[in-house]
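All letters in the sequence shown, in the order written, are residues -19 to -1, 1 to 167 by mature numbering (1 follows the signal peptide of the UniProt record, and there is no 0).
The beta carbon of each residue, even a glycine, is placed where N, CA and C say it ideally should be.
None of these values were measured; they are calculated from a predicted model.
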Amino acid sequence: MKFSTTFATLAAIVSGATAQLSILSPGGPNLWWVDDEVNDVTWTCSTSPYENFTVLLDNSNSSILTSPYAFVAEQPNYQCSVEIYSYQLATFPAADGYTILFANILNSSDVYATSEEFELKPQNAAYPASSATPTGTGSATASASGTASASASSTSGSSQKSGAAAMAAPMGGLAMIGVVLGLAMA
């Protein structure tokens, strides 16, 4: 009975630890959008538990946006990124405080992920360097002897938080689960 209880607890923890969806760009001081241009949204599709979601734009200043604006009704997760064209967005002023939200397609108040705040720069401004966009990768290993290790890496041209940093905690938690399982079975 001890094994089945441990296994059930482990399964519940693992499903929560690996179910991550993070928006990698835009967000932060080095990943902005340019008004009236093609812009990208990138996310951690390999760790997302969701098959699809609605993509919304929000702003912390209610005089710019009174509520989140849905501009992609149903985005498949497997694509990992999407180009956003100027016709998809209403006319929004160049300003700070914008965020991207991924939400349930049937209930936009059920938010799955929120980007860091970013700036919408005026038309014809330069795009951020492509090296500024983080890529999230991670791995974890564990053995039944009670030892564990975890690692995550990121390719980023800036010192801002990356998708890999967001994944380090869950992957470290997954490795710790291996330790718990190893000790429970010993």
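Quiz prompt | Under the three-state DSSP convention, the category Asn20 falls into | solution = strand
Self-check item: Where the beta strand (DSSP E) containing Ile65 begins and where it ends
Solution: Ser62 to Ile65
Practice problem: Tell me whether Ser41 is buried or exposed, calling it buried when 16 or more other Cβ atoms sit within 10 Å of its Cβ. | Solution: With a threshold of 16 other beta carbon atoms within 10 Å, Ser41 falls short and is exposed.
Quiz item: Quick one: is Ala110 buried, meaning 16 or more other Cβ sit within 10 Å of its Cβ, or exposed?
Solution: exposed
Quiz prompt | Continuous beta strand (DSSP E) assignments of at least 3 residues falling wholly in the stretch 24 to 110 | solution = 33 to 40, 50 to 57, 62 to 65, 76 to 85, 88 to 95 and 99 to 102
Quiz item: Can you tell me whether DSSP reads residue 173 as helix, strand or coil?
Solution: Nothing about residue 173 can be read from this structure; the chain reaches only from -19 to 167.
Quiz item: Leaving out the 5 sequence neighbours to the left and right, which residues in its chain are closer than 6 Å to Thr80 when beta-carbon positions are compared?
Solution: Asp39, Thr95, Ser96 and Glu98
Quiz item: Would you say Asp91 and Ala84 are within 8 Å of each other, going by their C-beta atoms?
Solution: yes
Self-check item: Nearest-angstrom Cα separation, counted from Leu87 out to Asn11
Solution: Cα atoms of Asn11 and Leu87: separation of roughly 32 Å, rounded to the nearest angstrom.
Quiz item: Among residues of its own chain, excluding the 5 on either side of Pro49, which ones have a beta-carbon nearer than 6 Å to its beta-carbon?
Solution: So the qualifying residues of the chain are Leu37, Asp39 and Leu82.
Quiz item: Which class does Leu5 belong to by DSSP, given the choice of helix, strand or coil?
Solution: strand
Exercise. Select from Ser89, Glu100 and Tyr68 the residue whose C-alpha is nearest the C-alpha of Asp17.
Key: Tyr68
Quiz item: By a C-beta neighbour count over all protein chains shown, 10 Å radius and 16 as the cutoff for buried, is Thr122 buried or exposed?
Solution: With a pLDDT of 35 at Thr122, under the threshold of 50, the modelled position of this residue cannot be trusted; read the value that follows with caution. The residue in question, Thr122, is exposed, as its Cβ has fewer than 16 Cβ neighbours within 10 Å.
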